[in-house]
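K.L.:
One gets the working numbering by counting positions in the sequence shown from 1 and adding 1 to each.
All residues carry an ideal CB built from backbone N, CA and C; glycine is no exception.
The structure displayed is predicted, hence computed values, not measured ones.
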Amino acid sequence: MKRLGNVLFSMAAPSLIVVAIWGFLQREGSDQLQALPALVVGIGLIISGAFGRSNRRRKLLDAIRRKDQDFV
Numbered sequence: 002m003k004r005l006g007n008v009l010f011s012m013a014a015p016s017l018i019v020v021a022i023w024g025f026l027q028r029e030g031s032d033q034l035q036a037l038p039a040l041v042v043g044i045g046l047i048i049s050g051a052f053g054r055s056n057r058r059r060k061l062l063d064a065i066r067r068k069d070q071d072f073v
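Given below as structure tokens:
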């Protein structure tokens with residue numbers, strides 16, 4: 002069950018972007034602006050996730066390097 006939850010969370014931001022684009026294309030005039038917040042949030046979630054993964058990987062590499070220096 003936990004794996005299914007992880008898959009659903011990983012698909013949430015891309016699906017939010019798709020829904021926002023679809024809503025943008027379905028509306029006309031000034032109503033199109035209502036789809037922009039969902040688009041911005043979806044893009045923000047993807048960028049935040051990328052920075053978070055990069056930060057965790059960097060911390061893990063630093064910990065491995067420190068551990069290797071302790072053994073030398």
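Our contact map puts ALA64 next to ALA39 with C-beta atoms below 8 Å; I'd like the distance itself, whole angstroms only.
P.N.:
Not quite, the Cβ-Cβ distance comes to about 37 Å (not below 8 Å), so this is no contact.
K.L.:
Quick check on GLY1: buried or exposed, where buried means 16 or more other Cβ atoms within 10 Å of its Cβ?
P.N.:
Because the chain spans 2 through 73 in this model, residue 1 falls outside it and cannot be assessed.
K.L.:
Would ALA36 and PHE25 be called neighbours here (beta carbons separated by less than 8 Å)?
P.N.:
It is a contact, given that the beta carbons lie within the stated cut-off.
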